[in-house]
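Asker: All residue numbers for the sequence shown refer to UniProt numbering, where the first residue is 1 and numbers rise by one.
Next up is a structure, given as structure tokens.
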Amino acid sequence: MNYYAYLLMVRQGEFSHFHRSGRLFLQFLVDMYAKIESERLYYIRNHQTELRVDQYAHLMDAINNDTIQDAGQLVILPSSFTGGPRYMHQRVQDAMTYVRHYGRPDLFITFTCNPKWQE
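See below:
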């Protein structure tokens with residue numbers, strides 16, 4: 001990932017073929033993202049014991065009932081995996097902490113501004 005961050009850095013005084021290649025650059029970005037995401041998922045799949053997944057209750061139930069063969073390969077995504085169900089649940093719980101502390105919101109206000117404004 002650091003290599004891709006290095007490639008994407010805009011440097012003064014240097015010509016960048018990546019940034020000037022238009023739609024090909026966008027495809028390159030998508031491919032980089034997909035590669036990084038698949039490497040993260042590969043790591044999570046192969047390091048389930050280090051992520052302490054064996055402590056989850058439904059996994060223990062499957063082992064105790066001898067239905068582990070029917071279950072297939074169980075891979076649990078930790079909350080550190082961005083976009084996963086545990087990540088989303090943790091974000092909802094964080095938001096509910098604010099609701100519990102400040103009360104229910106009365107208004108949800110969004111504001112779109114022009115970045116070229118003087119303010």
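Yeah, the Cβ is synthetic: ideal placement off N, Cα and C, and Gly gets one too.
The alpha helix (DSSP H) with Q93 in it runs from where to where?
Answerer: Position 93 of the sequence shown holds residue 93. Per DSSP, Q93 belongs to the alpha helix (DSSP H) from P85 to Y102.
Asker: Which of the three DSSP states, helix, strand or coil, is assigned to residue 139?
Answerer: Summary: the structure shown does not reach residue 139, with the chain confined to residues 1 through 119, and so no result is reported for it.
Asker: Output yes or no for whether 7 Å exceeds the beta carbon distance between G84 and L77.
Answerer: Looking up residue 84 in the sequence shown gives position 84. Looking up residue 77 in the sequence shown gives position 77. Yes, they are a contact pair.
Asker: For I44, count neighbouring Cβ atoms within 10 angstroms of its own Cβ and tell me buried if that reaches 16, exposed if not.
Answerer: As a working note, residue 44 is residue 44 in the sequence shown. By the 10 Å Cβ count, I44 comes out buried.
Asker: Rounded to whole angstroms, what is the Cα-Cα separation between Y87 and A95?
Answerer: For the purposes of this step, residue 87 is taken as the residue at position 87 of the sequence shown. For the purposes of this step, residue 95 is taken as the residue at position 95 of the sequence shown. Their Cα atoms are separated by approximately 13 Å.
Asker: Along the alpha helix (DSSP H) that carries K35, what are the first and last residues, could you check?
Answerer: Walking along the sequence shown from the start, residue 35 turns up at place 35. From DSSP, the alpha helix (DSSP H) with K35 extends over R23 to N46.
Asker: Since M1 and I36 are thought to touch, with beta carbons under 8 Å apart, how far apart are those beta carbons, to the nearest angstrom?
Answerer: Within the sequence shown, numbered from 1, the residue matching residue 1 stands at position 1. Within the sequence shown, numbered from 1, the residue matching residue 36 stands at position 36. That pair is a contact at about 6 Å.
Asker: Can F25 and F15 be called in contact, C-beta distance under 7 Å?
Answerer: Residue 25 sits at position 25 when you count from the first residue of the sequence shown. Residue 15 sits at position 15 when you count from the first residue of the sequence shown. Against a cut-off of 7 Å, the Cβ pair of F15 and F25 comes out as no contact.
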